[in-house]
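Engineer: Numbered per numbering that gives the first Met the number 0, the sequence shown spans residues 0 to 250. Backbone N, C-alpha and C fix where the C-beta goes; we use that ideal spot for every residue, glycine too. Note that this is a predicted model, so its numbers are computed, not measured.
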Amino acid sequence: MPNMTSPVQRLFNTCKEVFAACGPGIVPPPGDVERVKAALDDMRPEDVGLNPDTPYFRIMAAERSPIIAHLCLHECDKFSIVIFCLPASSAIPLHNHPGMTVFSKLLFGTMHIKSYDWMVDGSGGASAVLGNPQIQPCGVRMAKVKVNSEFTAPCETSILYPANGGNMHCLNAVTACAVLDVLGPPYSDPEGRHCTYYRDLPFTSFSVDGASSSVPEEEREDYAWLQEREMPEDFTVVGFPYRGPIITTND
């Protein structure tokens, strides 16, 4: 008998196995990372019941500040599977993913992605303590650009990790876009995994002994200072029901 399991069910089954023994800051083994990536690489918009003509794309695009739709396919304490639908010219501002491994599959559209990783000190640890030259008294912190490119579907799944791979990123929709994300583990305010937003400031905004001198002048466009901020007032995300193929959790 042929395997009639839907692609989204296969993705759920894979995530359930891969993230079972994981937790905050724990990255799945390389083989398991590839399993999730492979499941996402094969996903198409129709596999989750989406297409660029979905009515609420037109409704959201008509708003003064474009509204981004959030569809939750599944969420538990180990992982979540979600879709973000972005009208053309909308954006998800620069934000982080604390202790999380995140897989992102662009289902359709063209999107510009800019992502950063925190600079690390000479011992290889994160420069996260006050007094480090890569941290400023006003709270800004030096980061290095990981990605600054446009992507057009179909394209490979991108992966970011708790400490590298572009953990802080912003997404700008060049055209209407849909992004399928797997987050392991998901955000959780009670467990301290808050979504923090940032503004990025040019590297030349600050001059600090040790930080500035360590970056050659010709490479300074690849660095920035990130400063925490409140969620932008013009950023609006609205939850919509997921209407694609049903996921059986067997819980």
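Three-state secondary structure (DSSP) at residue 12?
Structural biologist: helix
Engineer: Between 38, 182, 17, which has its C-alpha nearest residue 74's C-alpha?
Structural biologist: Comparing Cα-Cα distances from residue 74 to each of 38, 182, 17, the minimum goes to 182.
Engineer: Relative to the alpha-carbon of residue 140, which residue among 199, 225, 167, 193 has its alpha-carbon at the smallest distance?
Structural biologist: 225
Engineer: Could you name the residues of the same chain whose beta carbon sits closer than 6 Å to that of residue 186, not counting the 5 residues immediately before and after it, in chain order?
Structural biologist: 192, 194
Engineer: In whole angstroms, what is the alpha-carbon distance linking residue 247 and residue 46?
Structural biologist: 15 Å
Engineer: So, for residue 154: in the same chain, excluding its five sequence neighbours on each side, which residues have a beta-carbon less than 7 Å away from its beta-carbon?
Structural biologist: 105
Engineer: Is the Cβ-Cβ distance between residue 27 and residue 190 less than 9 Å?
Structural biologist: no
Engineer: Could you say which of 143, 113, 145, 108 lies nearest to residue 151 if we only look at CA atoms?
Structural biologist: 108
Engineer: Considering Cα atoms alone, identify which of 164, 10, 82, 78 is closest to residue 118.
Structural biologist: 164
Engineer: In the DSSP assignment, find the beta strand (DSSP E) that holds residue 199 and state where it starts and stops.
Structural biologist: 196–201
Engineer: Taking only the alpha-carbon atoms, compute the straight-line gap between residue 138 and residue 16 and give it to the nearest angstrom.
Structural biologist: 39 Å
Engineer: Assuming residue 167 contacts residue 115 (C-beta within less than 8 Å), just tell me the rounded distance between them.
Structural biologist: Contact holds; Cβ gap of about 5 Å.
Engineer: Exposed or buried, residue 98, counting other C-beta atoms within 10 Å across all chains shown (16 or more means buried)?
Structural biologist: buried
Engineer: In angstroms, rounded to a whole number, what distance separates the CA positions of residue 239 and residue 218?
Structural biologist: 43 Å
Engineer: Can you tell me which of 249, 244, 235, 245 puts its alpha carbon nearest to the alpha carbon of residue 69?
Structural biologist: 235
Engineer: May I ask you to report which of helix, strand or coil DSSP gives residue 37?
Structural biologist: If DSSP states are grouped into helix, strand and coil, residue 37 belongs with the helices.
Engineer: Does residue 30 come out as helix, strand or coil in the three-state DSSP assignment?
Structural biologist: Helix at residue 30.
Engineer: Tell me, please, which residues DSSP counts as bridged to residue 156.
Structural biologist: Residue 156 pairs with nothing; no bridge assigned.
Engineer: Please state the DSSP three-state secondary structure of residue 243.
Structural biologist: For residue 243, the three-state secondary structure derived from DSSP is coil.
Engineer: For residue 150, which residues does DSSP report across the bridge?
Structural biologist: Per the DSSP secondary-structure output, residue 150 pairs in a beta bridge with 110.
Engineer: For the beta strand (DSSP E) holding residue 227, just list the boundary residues, first then last.
Structural biologist: 222–228
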